[in-house]
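**Q** Heads up, the sequence shown is in full-length UniProt numbering, so the first residue is 1 and it goes up one at a time.
Here it is, the structure in full.
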Amino acid sequence: MQTDPHQDIRDAIRALCATFPPEYHRRIDAERGYPEAFVQALTEAGWMAALIPEEYGGSGLGLTEASVIMEEINRSGGNSGACHGQMYNMTTLVRHGSEEQRRRYLPKIAAGELRLQSMGVTEPTTGTDTTRIKTTAVRTGDRYVINGQKVWISRVQHSDLMILLARTTPLAEVAKKSEGLSIFLVDIREAMGSGMTVRPIPNMVNHETNELFFDNLEIPAENLIGEEGQGFKYILTGLNAERTLIAAECIGDGYWFTDKVSAYVRERQVFGRPIGQNQGVQFPIAEAFIEVEAASLMRFEACRMYDAGQPCGAQANMAKYLAAKASWEAANACLQFHGGFGFACEYDVERKFRETRLYQVAPISTNLILSYVAEHVLGLPRSF
Ligand SMILES: Cc1cc2nc3c(=O)[nH]c(=O)nc-3n(C[C@H](O)[C@H](O)[C@H](O)COP(=O)(O)OP(=O)(O)OC[C@H]3O[C@@H](n4cnc5c(N)ncnc54)[C@H](O)[C@@H]3O)c2cc1C
């Protein structure tokens, strides 16, 4: 009897992922390449259009199902970081884009003709203090002119479209610092070399991410999403989806680590018995597994609220916090109990270890989540 309501999705993703064995992901990582064939296969199978409503050619699934897709990719040994942008960016366009924008872009994204993989929020001089971003968008006639700089903007070289956050009213002229920000759809193919320069950032994970420089980049005024000045509110839709989906990816990683290390410690004999017979080995693995399972429940709660259109900032943040912590503990146990072999690339542990470590920092650091919960859930005084 089937008890998991998402078993069909899990089975389908597992079958697709099985055609991309560990050697594939290992080779791409070593080459610092992009898993183009993998992302293409996900696109052709329709998974990258999961959140696009059926009337625009997608499958009209919710964040719950999208989270299961991301989880299973990571559980299979892959890394959703190559393609998760399309999932959370989609929520922003679907919920806040105009009917005209939805009709223009969604069917092409669903058909795999366009990719919406990038979101440009972070800036080098303001970091997590998002409302102080310095990139500006000034309306001149039927165009907006963009100037400024972004950092850590991912998948720009493998995307056609990007959602960009910029200030349209100076900070000094707004009543609340979250006002006066707007979001735009930027056509990366048109922008590249016509006011937008992309500089790749080599980094610890095989994650295509970049510095962006805007020098009088002109974009059509019709590319504004929603109402001018309300962009911060809109971008939170995408950020809550992003946090929840990345929680799911960490859960997938967590299961990958606990499966991998359990199999290893059952087999590895030292002092004449399996190392997994020692409680000092069993307990950290069991503890990490318990925490992954608990994080998964919070993930489903965040998804449920998101799909019901309810505010879910607290649940999305808490799911991300719990899942990133649990996957990191699972990663540590997995590396530790593989002994020296954990450091050998052919075991994939060191690669997944690097990949899952990112999520303590991005897309939001654990400290900022604690601060959010302290202030917005517990009512403690603002610290910044
Ligand atoms: C590989 C990678 C990919 C990324 N992709 C994207 C992307 O596609 N789009 C995008 O917009 N951004 C992206 N980012 C940026 C990411 O969201 C930020 O790095 C993250 O939000 C942290 O911001 P920061 O790096 O500016 O750190 P900072 O804001 O400088 O903070 C540094 C550290 O200081 C601590 N800290 C800061 N303020 C406080 C405080 N008030 N209280 C307590 N502790 C505090 C935290 O521990 C934090 O980790 C990416 C980052 C990486 C590394």
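Note that the Cβ used here is the ideal one computed from N, Cα and C, for glycine as well.
Here the structure is a predicted model, which means the values were calculated and not measured.
(1) Can Glu291 and Glu329 be called in contact, C-beta distance under 9 Å?
(2) So Asn223 packs on Phe184, CB below 8 Å; how close in whole Å?
(3) Roughly how many angstroms lie between the CA atoms of Val121 and Ser154, to the nearest whole one?
(4) Would a C-beta distance cut-off of 9 Å place Pro200 and Glu208 closer than the cut-off?
(5) Does at least one heavy atom of ligand 1 sit under 8 Å from the Cβ of Pro381?
(6) May I ask whether a heavy atom of ligand 1 can be found less than 8 Å away from the beta carbon of Ser327?
(7) Tell whether a beta-carbon distance below 9 Å holds between Gly62 and Asp348.
(8) Can you have a look at Tyr164 and say buried or exposed, based on whether 16 or more other CB atoms are within 10 angstroms of its CB?
(9) Comparing the CB of Arg104 with every heavy atom of ligand 1, is any distance shorter than 8 Å?
(10) Considering just the uninterrupted stretch of the beta strand (DSSP E) at Asp348, what are its terminal residues?
(11) For the alpha helix (DSSP H) that contains Phe232, what are its first and last residues?
(12) Report the three-state DSSP secondary structure of residue 435 (helix, strand or coil).
(13) With 16 other CB atoms within 10 Å as the buried threshold, where does Leu297 fall?
(14) Assuming Ser154 is part of the beta strand (DSSP E), what are its boundary residues?
(15) Give me the Cα-Cα distance between Lys233 and Pro311, rounded to the nearest whole angstrom.
(16) For the alpha helix (DSSP H) containing Met119, name the first residue and the last one.
(17) Straight-line CA distance for Ser371 to Ala316?
(18) On the CB-based measure, 16 or more other CB atoms within 10 Å of its CB, does His376 come out buried or exposed?
(19) So for Met318, helix, strand or coil by DSSP?
(20) How many angstroms separate the CA atom of Leu181 from the CA atom of Val265?
(21) Please tell me whether, using a cut-off of 8 Å, the distance from the CB of Lys260 to the nearest non-hydrogen atom of ligand 1 is below it.
(22) For the candidate residues Lys325, Phe214, Leu236, whose alpha-carbon lies nearest to that of Thr197?
(23) Out of Arg103, Ala172, Glu31, point me to the one whose CA is closest to Arg132's CA.
(24) Ignore the nearest five residues each way along the sequence and tell me which others in Val205's own chain have a CB closer than 6 Å to its CB.
(25) Compute the Euclidean distance between the alpha carbons of Val94 and Ile52, then round it to the nearest angstrom.
(26) Could you spell out where the beta strand (DSSP E) holding Glu291 opens and where it closes?
(27) Residue range of the beta strand (DSSP E) that Arg20 falls in?
(28) For Ala248 versus Met70, is the C-beta distance shorter than 9 Å?
(29) Could you say which of Phe38, Ala326, Asn147, Phe337 lies nearest to Ser262 if we only look at CA atoms?
(30) Nearest to Arg299 by alpha carbon, out of Ile285, Gly252, Trp152?
(31) In this structure, how does DSSP classify Met204 when only helix, strand and coil are distinguished?
(32) Return the bridge partner residues of Ala137 from the DSSP annotation.
(33) Enumerate in chain order the residues of its own chain whose CB-to-CB distance from Gln282 is below 7 Å, with the five nearest sequence positions on each side excluded.
(34) Just grab the DSSP bridge partners of Pro61 for me.
(35) Compute every distance between the C-beta of Phe300 and the non-hydrogen atoms of ligand 1, then say whether any falls below 8 Å.
(36) Using CA atoms only, rank isn't needed, just tell me which of Cys303, Val145, Ala175 is closest to Gly238.
**A** On the basis of the coordinates in this document:
(1) As a first step, residue 291 must be located in the sequence shown, where it is residue number 291. As a first step, residue 329 must be located in the sequence shown, where it is residue number 329. Cβ distance < 9 Å, so Glu291 and Glu329 count as in contact.
(2) Translated into the one-based positions of the sequence shown, residue 223 becomes position 223. Translated into the one-based positions of the sequence shown, residue 184 becomes position 184. Sure, about 5 Å apart at Cβ, within 8 Å.
(3) On the sequence shown, residue 121 is found 121 positions in, with the first residue counted as 1. On the sequence shown, residue 154 is found 154 positions in, with the first residue counted as 1. Near 11 Å, if we compare the C-alpha coordinates of Ser154 and Val121.
(4) Here residue 200 corresponds to residue number 200 of the sequence shown, with the count starting at 1. Here residue 208 corresponds to residue number 208 of the sequence shown, with the count starting at 1. Closer than 9 Å, so yes.
(5) Residue numbering aside, residue 381 sits at position 381 when the sequence shown is read from its first letter. Not so, every heavy atom of ligand 1 lies at least 8 Å from the Cβ.
(6) As a position in the sequence shown, residue 327 is number 327, starting the count at 1. Ser327: no, Cβ never under 8 Å from ligand 1.
(7) As a working mapping, residue 62 is identified with position 62 in the sequence shown. As a working mapping, residue 348 is identified with position 348 in the sequence shown. The answer is no: Cβ separation not under 9 Å.
(8) On the sequence shown, position 164 is the one that residue 164 refers to. Inspection of the sequence shows that residue 164 is occupied by Leu rather than by Tyr. It counts as buried.
(9) Here residue 104 corresponds to residue number 104 of the sequence shown, with the count starting at 1. No, ligand 1 has no heavy atom inside 8 Å of this Cβ.
(10) For the purposes of this step, residue 348 is identified with residue 348 of the sequence shown, where counting begins at 1. Looking at the DSSP string, Asp348 is not in any beta strand (DSSP E), and its letter there is neither H nor E.
(11) Position 232 of the sequence shown, counting from 1, holds the residue named residue 232. Per DSSP, Phe232 is one residue of the alpha helix (DSSP H) stretching across 231-267.
(12) Absent from the structure is residue 435, since the part of the chain shown begins at 1 and ends at 384.
(13) Start at 1 with the first residue of the sequence shown, and residue 297 comes out as number 297. Counting Cβ neighbours within 10 Å, Leu297 comes out exposed, since fewer than 16 surround it.
(14) As a working note, residue 154 is residue 154 in the sequence shown. Where Ser154 is concerned, the enclosing beta strand (DSSP E) stretches over 143-154.
(15) Counting from 1 along the sequence shown, the entry for residue 233 is found at position 233. Counting from 1 along the sequence shown, the entry for residue 311 is found at position 311. Rounded to whole angstroms, Lys233 to Pro311 spans 12 Å at the Cα level.
(16) Taking the first residue of the sequence shown as position 1, residue 119 is located at position 119. Not the alpha helix (DSSP H): Met119 falls in the beta strand (DSSP E), residues 118-120.
(17) The residue you call residue 371 lines up with position 371 of the sequence shown. The residue you call residue 316 lines up with position 316 of the sequence shown. Going from the Cα of Ser371 to the Cα of Ala316 covers about 14 Å.
(18) One-based indexing of the sequence shown puts residue 376 at position 376. So His376 ends up on the exposed side.
(19) The sequence position of residue 318 within the sequence shown is 318, counting from 1. Met318 falls in the helix class under three-state DSSP.
(20) Counting from 1 along the sequence shown, the entry for residue 181 is found at position 181. Counting from 1 along the sequence shown, the entry for residue 265 is found at position 265. One C-alpha to the other measures close to 52 Å.
(21) Walking along the sequence shown from the start, residue 260 turns up at place 260. Outside the cutoff, so no.
(22) The count along the sequence shown starts at 1 and reaches residue 197 at position 197. Of the listed residues, the one whose Cα sits closest to Thr197 is Phe214.
(23) Sequence index remark: in the sequence shown, residue 132 carries index 132 (1-based). For the residues Arg103, Ala172, Glu31, the minimum Cα distance to Arg132 belongs to Ala172.
(24) Indexing the sequence shown from 1 puts residue 205 at position 205. Contacts found: Arg354, Glu355, Leu358.
(25) Residue mapping note: residue 94 aligns to position 94 of the sequence shown, counting from 1. Residue mapping note: residue 52 aligns to position 52 of the sequence shown, counting from 1. Taking the straight line from one Cα to the other gives about 7 Å.
(26) Taking the first residue of the sequence shown as position 1, residue 291 is located at position 291. Careful: Glu291 lies outside any beta strand (DSSP E), inside the alpha helix (DSSP H) at 279-307.
(27) Counting from one through the sequence shown, the residue named residue 20 turns up at place 20. Sequence check: residue 20 is Phe here, not Arg. Looking at the DSSP string, Phe20 is not in any beta strand (DSSP E), and its letter there is neither H nor E.
(28) As a position in the sequence shown, residue 248 is number 248, starting the count at 1. As a position in the sequence shown, residue 70 is number 70, starting the count at 1. In this structure, Met70 lies closer than 9 Å to Ala248 by Cβ.
(29) Here residue 262 refers to the residue found at position 262 when the sequence shown is read from its first residue. When only C-alpha atoms are compared, the closest one is Phe337.
(30) Locating residue 299 in the sequence shown gives position 299, counting from the first residue. Of the candidates Ile285, Gly252, Trp152, the residue whose Cα lies closest to the Cα of Arg299 is Gly252.
(31) Numbered from 1 along the sequence shown, position 204 holds the residue referred to as residue 204. Here Met204 sits in coil by DSSP.
(32) The residue given as residue 137 occupies position 137 in the sequence shown. In DSSP, Ala137 forms a bridge with Ile146.
(33) Residue numbering aside, residue 282 sits at position 282 when the sequence shown is read from its first letter. For Gln282, where only same-chain residues beyond five positions count, the Cβ hits under 7 Å are Gly276.
(34) In the sequence shown, counting from the first residue as 1, residue 61 sits at position 61. The identity of residue 61 in the sequence shown is Leu, whereas the question assumes Pro. Answer is none; Leu61 lacks a bridge partner.
(35) Along the sequence shown, one-based indexing puts residue 300 at 300. Outside the cutoff, so no.
(36) As a working note, residue 238 is residue 238 in the sequence shown. Gly238 has its Cα closest to that of Cys303, out of Cys303, Val145, Ala175.
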